[in-house]
Amino acid sequence: GGWSIGSINTHDPICRALCVWGECVVISVQYRLAPEFPFPIPMEDCYAATCWAYQNATALNANADKLIVAGDSAGGNLASAVALAARDRGKIKLAFQWLIYPCNGPEFVDSPDVPNADGYGLTQRGMKWLWDMYLNGTSDRSNPYAVPHAAKSLEGLPPTIMITAEFDVLKADGVAYYEKLKAAGNEVVYKDCPGMIHGFFNLGKFIDEGINIRDWFAENILRVVGK
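Listed below in structure tokens is the structure:
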């Protein structure tokens, strides 16, 4: 939750569902939270956990050749950053990145005419507040591990499976990142979900679309990396 709220417990139901649905090992990372632990601490916690999972794949009954990073919203930012770090540092190789309405650039909530700024759950004001807690001032805006949109190049990233929501203040952010990934020559499967708001993926208890999107993910994950 915005790099600053939530825990393993708040997201345990969706992680368990993904484990069963995807027939995969799911590791939920309880990274340290802003504002007490701003960037780069959450990102480096997630990168360290990804390296640990890679190194311990056999003990986890997992396949190191099909290592995935995934996240929604701020988690999508962290997954994007870990994918960039994995490419740059060369210690691990990812099979793909799974991005669910990521927030990869604070500039997308800066202007006064941001689409879906209010009335759809996550607001422009709320998102700006969360960015302010995560970043250490304007200098971090040029660091791609904090702001993936700031990367000089997005070449050489793993295949990406990504969604945005139609009525989400982060939609323009996600669309722009998808377009940059494609322009850099990466394989990207993308879907904008009509009628949906930010967070709908975790609302399967209340709306069918939160469950139905899993079938779309499953179809495309199997197509990209196999079972």
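Those letters in the sequence shown? Residues 43 to 269, per the working numbering, in order. Ideal Cβ positions, reconstructed from N, Cα and C, are used throughout, including at glycine.
Presumed contact (8 Å Cβ cut-off) between residue i and residue j, rounded CB distance
{"i": "N119", "j": "C93", "result": "The pair is not a contact, with the Cβ atoms about 19 Å apart (cut-off 8 Å)."}
{"i": "H191", "j": "S115", "result": "At roughly 15 Å, the Cβ-Cβ gap does not stay under 8 Å, so H191 and S115 are not in contact."}
{"i": "N262", "j": "V231", "result": "5 Å"}
{"i": "P201", "j": "V266", "result": "5 Å"}
Separation of residue j from residue i, as counted between CA atoms
{"i": "G161", "j": "P236", "result": "16 Å"}
{"i": "V68", "j": "R58", "result": "8 Å"}
{"i": "V111", "j": "V124", "result": "8 Å"}
{"i": "K170", "j": "C66", "result": "35 Å"}
{"i": "K233", "j": "G44", "result": "22 Å"}
{"i": "D210", "j": "R256", "result": "19 Å"}
{"i": "I203", "j": "A76", "result": "27 Å"}
{"i": "K222", "j": "E197", "result": "9 Å"}
{"i": "K194", "j": "A90", "result": "23 Å"}
{"i": "T206", "j": "A99", "result": "31 Å"}
{"i": "A106", "j": "A95", "result": "8 Å"}
{"i": "E229", "j": "Y220", "result": "10 Å"}
{"i": "K133", "j": "Q97", "result": "10 Å"}
{"i": "G64", "j": "A260", "result": "7 Å"}
{"i": "H53", "j": "F248", "result": "16 Å"}
Reduced DSSP category for residue i - H, G, I as helix; E, B as strand; rest coil
{"i": "E221", "result": "helix"}
{"i": "C145", "result": "coil"}
{"i": "F138", "result": "strand"}
{"i": "C66", "result": "coil"}
{"i": "F248", "result": "coil"}
{"i": "L126", "result": "helix"}
{"i": "L199", "result": "coil"}
{"i": "L60", "result": "helix"}
Endpoints, the beta strand (DSSP E) within which residue i is located
{"i": "I110", "result": "I110 to D114"}
{"i": "E208", "result": "T202 to F209"}
{"i": "V231", "result": "V230 to I239"}
Continuous alpha helix (DSSP H) stretch holding residue i: start and end
{"i": "W171", "result": "Q166 to Y176"}
{"i": "N254", "result": "E251 to V267"}
{"i": "W94", "result": "I83 to Q97"}
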